[in-house]
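Number of protein chains: 2
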Amino acid sequence: MGVLHGDCKEVLKSLGDASVDLAYLDPPFFTQKTHSLSTRNNTAEYSFEDRWTSLDDYLAFMAEVLRASRRVLKETGCIFLHCDRSAAHHLRLLLDQVFGSENFQSEIIWAYRRWSSAKKGLLNAHQTVYFYSKTGDYKFNTIYTDYSPTTNVDQILQARVRNESGKAVYRRDETGNVVIGKEKRGVPLSDVWNIPFLNPKARERVGYPTQKPILLLERIIAIATDVGDCVLDPFCGSGTTLVAAKLLGRDYIGIDISLDAVRLAEERLRQPVRSESQLLADGEEGFLEKSDAERRILRALDAVPVERNRGIDGFLRSYVDGHPVAVRIQKADEDIEMAKRKLIAASKTKQCAFTILVRTTRNEDYSLFDWTDEDLLVIDSYDVAIEAWLDERNHSGS
Amino acid sequence: MGVLHGDCKEVLKSLGDASVDLAYLDPPFFTQKTHSLSTRNNTAEYSFEDRWTSLDDYLAFMAEVLRASRRVLKETGCIFLHCDRSAAHHLRLLLDQVFGSENFQSEIIWAYRRWSSAKKGLLNAHQTVYFYSKTGDYKFNTIYTDYSPTTNVDQILQARVRNESGKAVYRRDETGNVVIGKEKRGVPLSDVWNIPFLNPKARERVGYPTQKPILLLERIIAIATDVGDCVLDPFCGSGTTLVAAKLLGRDYIGIDISLDAVRLAEERLRQPVRSESQLLADGEEGFLEKSDAERRILRALDAVPVERNRGIDGFLRSYVDGHPVAVRIQKADEDIEMAKRKLIAASKTKQCAFTILVRTTRNEDYSLFDWTDEDLLVIDSYDVAIEAWLDERNHSGS
DNA sequence: AGGGAGCCTGAATCCTCAA
DNA sequence: GTTGAGGATTCAGGCTCCC
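Chains S and G supply the protein sequences, listed in that same order. If you read the first sequence in my numbering, its first letter stands for residue 1, the second for the next number, and so on. If you read the second sequence in my numbering, its first letter stands for residue 1001, the second for the next number, and so on.
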């Protein structure tokens, strides 16, 4: 147990047969670039070369590492290989050769949102982790996740019976109350994992390039090992895998060819911390503030919705005279005057050509409202227009 | 254009070189099983054999189909190959050989939620679509989606520069004010697509095995082709690709070895239907075609779009006094009077509570138009309201 | 031609300042 | 002091442009 320095091809030879329960490999990708990054306070800079003379060269190297990793795995052990888009298919072929295609278990998709670029084509927003077992009899702990937001709570909790006509209905006791069914554990984890990409500003970042989010490693370790088992990471880098293993009570062996990396990993292991991402804690919905109706109105205006602003709900997609146009939808609990104040206050610094306020309620006193603002256009939502017309028609008809 | 019957290897020979803009292939998977499924009313059962003597056999067949597909593609054309988990890596190697690894564009992950099973291991919840171009100069239309809820307004609006130390900072003019950047359309679509799996109860389902959601096909067609371009599907099955192509105004060529499939596809093409569940499903991912103003207006009205009616574009989701409310959006090439006539004519037999006409153009003579129809409400679209206000502001300002 | 410098991205954080 | 809205900041990106 510990962090070893050297080429993993060589160092792996010093480990005994069938001695580890899980091998996680995050090898250098076949990108032909040098990756470097500084720590957040610029005290150190870490880098590594990702250059190979050819793809065959790279694959020969990886084949040797995979065979060595297989040897040290216990019979119930598993391997998780982290691949990037350029060589994933070649690496899976290697895995088929070394572990056998019958031991392929899953292609895990790590999906994330990331800063964008001006790339022609689709934005790359996932990486692949291949999951192979050494034998058919491998260790696997099922993880349960939350139900989909569209799953009805009643469906999860309440027991069901079939009534006389064979239709499934909720079970009720003598007094007519619904009966809560047996404990549900949730939905088994799927092979698509939405885990936020380690953000450039994240505190979790230690300055080593290609650092992975700790949640990704925790999940892999939790799936494939129990407490006390041993985790191997032949390309441990800054040691995220080892930190996750230590925090989960597993033994660990890390190897890296860079002495900087080994020292950094040892440093992190002395004080293992698990920082919680705000996004993970709150979930994406925590940031979403708009109702369905508001979104529909923004779409109809051809406006881009924005969150994280109390006064502005969106901007028109097209600028007017080179200036943006801010939009606010009147909220259910605010009068038109307050909506106007909030919109104008929020737009002050945004150099807007003008602003649009969409009115969504009618039953107000508008006698004091100033409709003649030069830079504010008030539009009735379609619903308001329909209601007003219906009202008028009913009155004139009676 | 049409649906051809036969082995695609042979039928493709009858197509000319460089004649199609997009090839979408959803070949039989290498699963060694027979797939079959009945229609919802059990009127027919479709099945196909998915058996090959060996993997090499299967790959030899696919290599030939890929080469034939490449030949018929225009120089700016693209191919999308739908793979399953068992052979995806082999198929990507074939694509590298036939199209060249430098023409690899994306590995698209189609992710979906699915009913869970008790299987040991992770729940399979994705399929892979490989996207290759024929040359480096290929056609690609970027689709834009919403910003992440964590992105703030400043980030979206303000221009940035690098200062002397290479740090990115907001750009400011001489007076120290921030500078607003150019128009923003949102975030480019990523390579991970969350599209609901075709619900077994969906109206869209026609009972053919492995049927794909139409939204998936619409997206592929929208990014790789323009209106009037030609889409090829050598394994067209029940014809979802062709239906999507037709609905989006593209030409199409479908091929299938099963006569049942060809007949079913031809039947669907006579009455192309797009199920409502799929329409609602794209709410989070944004609209397929930003220019699809009509659909945006219908959604803002909370109306259900209807196809195949020359006078009515949709109905309000909620009835008024137990009667439906028909909606028409004024078309670009018709004046308001004609739009009104068509709407009223089409609604005559529908027992509507009233009808709504959404006005989308302003530069007309309205002096003869009768605005006081008891059963017709004319609403200005948001765009018209904005244009009118801008016009007025400019006139009063000058 | 080919390779490096410079530019534009936006996600998700950190950080500041006002209430 | 505490909170929280919103301004600021970096990057396992990817173009274009310029030698």
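Even glycine gets a Cβ: it sits at the ideal position worked out from N, Cα and C.
Through-space distance from residue j to residue i, alpha-carbon basis
i	j	result
G/Arg1185	S/Leu298	13 Å
G/Gly1166	G/Arg1160	12 Å
G/Gln1155	S/Asp313	15 Å
G/Ser1069	G/Ala1023	7 Å
S/Lys134	G/Tyr1058	27 Å
G/Asp1084	G/Val1306	35 Å
G/Glu1294	G/Glu1364	20 Å
S/Leu189	G/Trp1193	18 Å
G/Asp1017	G/Leu1073	7 Å
G/Arg1067	G/Thr1145	34 Å
G/Asp1056	G/Phe1030	11 Å
G/Tyr1366	G/Leu1301	24 Å
S/Asp96	S/His89	11 Å
G/Gly1181	S/Ala353	14 Å
G/Ile1386	S/Glu337	20 Å
S/Val65	S/Ser19	16 Å
G/Glu1392	S/Arg296	27 Å
G/Ile1329	G/Asp1383	13 Å
G/Leu1343	G/Leu1247	22 Å
S/Lys98	S/Phe287	It is worth fixing the name first, because residue 98 of chain S is Val in this sequence and not Lys. Computed Cα separation, rounded: 45 Å.
S/Trp52	S/Lys290	49 Å
G/Asp1321	S/Leu390	11 Å
G/Trp1371	G/Val1325	18 Å
S/Ala224	G/Phe1235	39 Å
Residue i, DSSP secondary structure in three states
i	result
G/Glu1364	coil
G/Gly1077	strand
S/Arg203	coil
G/Gln1155	helix
S/Val408	The structure shown has nothing for residue 408 of chain S, since chain S only spans 1 to 398.
G/Tyr1138	coil
G/Trp1052	coil
S/Leu279	helix
G/Tyr1112	coil
G/Ile1356	strand
G/Arg1085	coil
S/Tyr319	coil
S/Glu102	helix
G/Trp1193	strand
G/Leu1122	coil
G/Tyr1147	coil
Residue j beta carbon less than 9 Å from that of residue i
i	j	result
G/Leu1012	G/Ile1221	no
S/Arg203	S/Gln211	no
S/Gly237	S/Ala261	yes
G/Ala1245	G/Leu1217	yes
S/Pro213	S/Pro196	yes
S/Lys9	S/Thr76	no
S/Ala281	S/Asn309	no
S/Asp26	S/Asp233	yes
S/Leu198	S/Leu242	no
S/Ile143	S/Arg71	no
S/Asn394	G/Asp1191	no
Which listed residue (the options) has its alpha carbon closest to that of residue i
i	options	result
G/Gly1002	G/Ala1087, G/Arg1263, G/Leu1301 and G/Asp1383	G/Arg1263
G/Thr1150	S/Leu247, S/Glu284, S/Ala345 and S/Thr240	S/Glu284
G/Val1187	S/Pro209, S/Arg114, S/Leu94 and S/Leu215	S/Arg114
S/Ser258	S/Tyr46, S/Thr349 and S/Glu387	S/Tyr46
S/Asp335	S/Leu368, S/Ala303 and S/Glu392	S/Leu368
G/Lys1331	G/Ala1345, G/Val1304, G/Ser1347 and G/Thr1361	G/Thr1361
G/His1323	G/Arg1317, G/Gln1351 and G/Arg1341	G/Gln1351
G/Leu1094	G/Tyr1132, G/Ala1125, G/Cys1008 and G/Tyr1112	G/Tyr1132
S/Val231	S/Asp21, S/Tyr112 and S/Leu215	S/Asp21
S/His82	S/Val129, S/Met62 and S/Ala60	S/Val129
G/Gly1239	G/Glu1266, G/Glu1174 and G/Arg1092	G/Glu1266
S/Ala60	S/Ile79, S/Cys78, S/Ser86 and S/Leu91	S/Leu91
G/Val1178	G/Asp1191, G/Arg1162, G/Glu1164 and G/Leu1157	G/Leu1157
Segment contact, 8 Å Cβ cut-off, at least three pairs: the stretch 251–258 of chain S with the stretch 104–117 of chain S: no
Three or more C-beta pairs below 8 Å linking the stretch 1374–1386 of chain G and the stretch 1349–1360 of chain G: yes
Touching by the beta-carbon criterion (3+ pairs, under 8 Å), the stretch 269–280 of chain S and the stretch 1112–1124 of chain G: no
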